[in-house]
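For reference, the structure discussed in these notes is given below.
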Amino acid sequence: MDFKSIEQKWQDAWAKEKIFEVKDDFDKKKFYVLSMFPYPSGSGLHLGHALNFVIGDVFARFKIMNGFNVLHPMGFDALGLPAENAAIKAGEHPQDYTNTSIKHYTKQLNSLGLSYDWSRVVNTADPDYYKWDQWIFLKLFEKGLAYQKESAVNWCPECNTVLANEQVQNGFCWRHEETKVQIKHLKQWFFKTTFYADELYESIDELNWPNKTKAMQKNWIGKSHGIQINFEINGENWPIFTTRADTIFGVTFVVISAQHKRLFELVTSEQKKSVEEFLQKVNSVSEKEFESMEKEGVFTGAYAINPVNNEKIPVYAGNFVLADYGCGMVMAVPAHDQRDFEFAKKYSIEIKQVIKGEVTNERAFTEKGELINSNQFNGLIADEAIKSILEYLKKEGKGEQVINFKLRDWSISRQRYWGTPIPIIYCEKCGVVPVPEKDLPIILPKDVTFGEGNPLKTNEDWINVNCPKCNGKAKRETDTMDTFVNSSWYYLRYTDPKNSEKIFDEKKADYWCPIDQYIGGYEHACMHLIYIRFYTKFLADLGLINFREPAKKLFHQGMLNGEGGIKMSKSKNNVILPETVSEKYGIDTARLFLQSIAAPDKPRDWSEKGIQGSLKFVNRIFDYFGKDFIGVDSKQTLSKLNKTIKEVTNEIEDFEYNIAIIKLRQLFEHIEKNKVSKDTAEKFLKIMNLFCPHITEELWEKIGNKKFISNSSWPTFDESLIDEQLDKIESIIDLVRQDILKIKELAGLEKISSVKIIVAPKWKWDALNIVKDVCKEKPDFSLAMKTLMGKEEFKKYGGEIQGFLKVVINKYSDLLLVKELDELDLMLQVKSQLEEEFGLIEIETAKESVELKAKNAFPTKPALIVK
RNA sequence: GCACGGGUUGGGGAGCGGUCAAACCCGCAGGGUUUAGGACCCUGUCGCUUAGUGCGUUCAACGGUUCAAAUCCGUUCCCGUGCACCA
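Take any residue in the first sequence, note its place counting from 1, add 230, and you have its number in our numbering.
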């Protein structure tokens, strides 16, 4: 089969007729299907990516056929660090490198038969696109949601640059395996994602997203209710955050983070040296090692006053307290917190139990319970105790209820070239000045030198500008934005991709958005999928859009592994390219196979043998339509067809593609066997079209249709035609047919012209009774056989059932079958259909009354007689 | 450690209270067809047994709920994914 030319033919035809281009037809019911856009790398798409896009494509095609105005766009997340590095490695300019990659990707995507509207393609490396990244930045800056602060970053002394977290491998630089990454404090740009922390957390519940993703985001944002308590140190109030105020009488020390900004305000002169030594030790440890590090600390020399009992307790600086969570300082209750417990053991600090429970030599008791050793609060339990203690602290002006989040502000500064330039100018006089909107976009200069440090710093012409405010000497910000900035709002640009006046037309965005079905990988759960929500909320607050969540429904595709479940990677040399597969089997076969091995959200393994099964199926379909295929629909056919349509429709909607394919196979098997009407065959093709768009177009045309199947209407089903009973009849026919064929084979018959079916109450006993009837009441089976067969024949065959059957068949008809009585109705219904195949069918009913007699006559099981 | 998801008959993978010895694909076995191989078609594939059927033992392990459990609940063991010193 020449799949290749069929594929090319239809891809060209779709493009020529622009059948997947959509209009902004505001009266039509819309549907927005979006697959996360790819990051175009030099190596191109592999089959795993293809799988993802096909999942979206099946869904989009389904919605198109269901009459929706479907927006199904594609674009390229072209800016970013990996592209820059790959380009440098290849000795190319990132711009050229990216353009080549995009061309390659476009070609590959097209070869998959995807229903994209290419007129809306978006490329984030295009100044027309990133202009609006900069515009949003200015808006954020204006609202105080983009700001600069000093922050800890990964620094490689060899590269002389900041590294992204992904470029730190076990604490070492990815390019210098011998070089430990340092933590440096640099001034960086941040987006204030925490501004929306509460909404980001609370509105997750409303989303129709996978539970896992929702849980991951909740976990990441980490909302916790607690109490901020003031501990007095040197006459000043120092707040700490705790969720366990009920343990406050058990506090035996306080720990301040080693990174706390005001740490040295607490350190006494005697302790200064040891604290400094400790800090040096802490700072030399990379982030990775930090995680597995033992809890350590050093006494600061200061003492804090516990507000509930005025006890004087030591203040330590510790490596296990985070500077930017809570207050950067904790009250330590070694009896009821494992970390505090370990710390106290190490430095021999008192462990004071205040909750009823078992504190051992190894472990703290961390559950909630009844308070002891807590003065007036003794006897109170858990949350009740927390509440009372809060009331007390409030009254004393020593505490208040607060909510804390784990979520941090988003660090967007990258000291790299291939990203959106940050539209900020540093003036010697005016300081930090935002670039005026009219001067956007700030275009990345092509003329830079790649080497040490930020390449943008090598283009003096670009850096040196006049201040927009005072026209004096000024310099551009050379940091660029994190690549995730670009992908945080691209879905909106698709609705109006060519707008040069505005970021997008509000009416268009309002019509198309939010995304009805978003599709992409699990790995974005806590990155992209949080940022895109943040952006949406911000743009909503700007009044540009009137919804606050970007995507109603989200779906994560499963990973595609290589043969034998091994992860696909270049180093393992097991990367499957769509081109290779396409060449061998045709892309439709690959699409079908990938969707049939497992549910779309489950991981699956590539299998060269497995795809053979799909190829076989595709070929069978071709063969079927190659012959004279038109027949008449039986009632069974209509029932089966309608049932299949009904089920498959639901299964596609629920992303159960694998199940839908099985139903399709079963429908086709029926079609193949029974010959059906053209209408039925066409409906089958329409469903198939989702998975195999090219082949079905070809066959659609072949059977005389002029228009495309791809935008034909989805088959409807008629519930009244679905009849489970008819399904049963079909399986009975199958069974009887099999029985007949088997007996024919056993009896060694060449052909059959008549079959006798005896329907009896219960098969075994009554089969014998029938024989008995035939034999004129002989009370013994072998006797019956003898009589029936005649002495000579009995001698010849002995007691063998096969021989017996043969004789009986010869005497009374070609073939004898015995069926249970409760199948009588079915047998009668089935009669005419079987006659078409096997000639005369005679159905005879045996009498129920003989049952008892038979049992008496043959007390042993017939199985004994057979051998 | 916390969170989420899993453990099904040779492999993959459905099923998620009765219609279940459990769809479908691959593999394997037997038969048909074919010049042979391949391809194709049919049949079988937990055990014993029948032409069909019947009986027995199964859905990680152990308990429980129910007239009824692969399916619901509890405990344990194992696997995957994510977060991880968040006070």
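Positions of the beta carbon are idealized from the N, C-alpha and C atoms, including for glycine.
Counted as a single uninterrupted DSSP element, the stretch harbouring F471 is not any alpha helix (DSSP H) but the beta strand (DSSP E) occupying residues E466 to T472.
When the five nearest sequence neighbours on each side are left out, the beta carbons in the same chain lying within less than 6 Å of the beta carbon of K893 are those of T874, E877 and V878, in order along the chain. For W244, the enclosing alpha helix (DSSP H) starts and ends at F233 to E247. Out of I891, F947, W468 and A475, the CA that lies nearest to the CA of G456 is found in A475. In the displayed model, S381 falls within a strand according to three-state DSSP.
Secondary structure note for N513: its alpha helix (DSSP H) is the uninterrupted segment K502 to N513.
Counting every other CB atom within 10 Å of its CB across the protein chains shown gives E237 a total of 16 or more, marking it as buried. Taking the Cα of K676 as reference, the smallest distance to any Cα among C697, K814 and G649 is reached at G649. Residue burial annotation: R638 is exposed, with fewer than 16 other C-beta atoms found within 10 angstroms of its C-beta. By the 16-neighbour rule on beta-carbons within 10 angstroms, C557 is buried.
Annotated as proximal: L784 and Y748, with beta-carbon spacing under 8 Å. Using a Cβ-Cβ distance cut-off of 8 Å, the segment 743-761 and the segment 254-264 are in contact, since at least three pairs of beta carbons, one from each stretch, lie closer than that value. In terms of Cα proximity to F529, the closest of Y752, I543 and A547 is A547.
Taking all protein chains in view, the Cβ of T810 is surrounded by fewer than 16 other Cβ atoms within 10 Å, so the residue is classified as exposed.
Counting only residues of its own chain and dropping the five nearest sequence neighbours on each side, Y426 has a CB closer than 7 Å to the CB of F764 and K767. Here P544 carries a strand assignment [DSSP, helix/strand/coil].
At a Cβ-Cβ threshold of 8 Å, K905 and F855 do not count as neighbours. Residue range N441 to I451 is occupied by the alpha helix (DSSP H) that includes K442. Residue burial is scored here from C-beta neighbours: S844 has at least 16 other C-beta atoms within 10 angstroms and is therefore classed as buried. Partner residues in the beta bridge of Q747, as assigned by DSSP, are V263 and K783.
Between Y720 and V352, the gap from beta carbon to beta carbon is short of 8 Å. Residue pairing by DSSP places V300 opposite F261 in a beta bridge. Residue nearest to F859 within the set L670, I841 and H900 is H900 (criterion: CA-CA distance). Excluding its 5 nearest sequence neighbours in each direction, V512 has C-beta neighbours in its own chain below 6 Å: A488 and N549, listed in chain order.
Around the beta carbon of N384, 16 or more other beta carbons sit within 10 angstroms, so the residue counts as buried. By the C-beta density criterion, F494 is exposed, having fewer than 16 other C-beta atoms within 10 angstroms. Pairing S730 with D669, the inter-Cα distance amounts to about 14 Å. The beta carbon of Q568 is closer than 8 Å to those of R593, A594 and T596 in its chain, skipping five residues each way along the sequence.
Distance from the CA of I652 to the CA of R706, rounded to the nearest whole angstrom, comes to 8 Å. Membership of N919 in the alpha helix (DSSP H) is indicated by the continuous run K908 to F921. Looking at A565, I925, E753 and S869, the one whose alpha-carbon comes closest to that of E954 is S869. At a Cβ-Cβ threshold of 8 Å, R646 and T710 count as neighbours.
Where Y533 is concerned, there is no enclosing alpha helix (DSSP H), although the beta strand (DSSP E) around it starts and stops at G527 to I535. The DSSP-derived three-state label of L344 is coil.
Boundaries of the alpha helix (DSSP H) harbouring F494: L493 to L496, taken from the DSSP string. Its Cα nearest to that of S907, the residue K865 stands out among E928, K865, L375 and E883.
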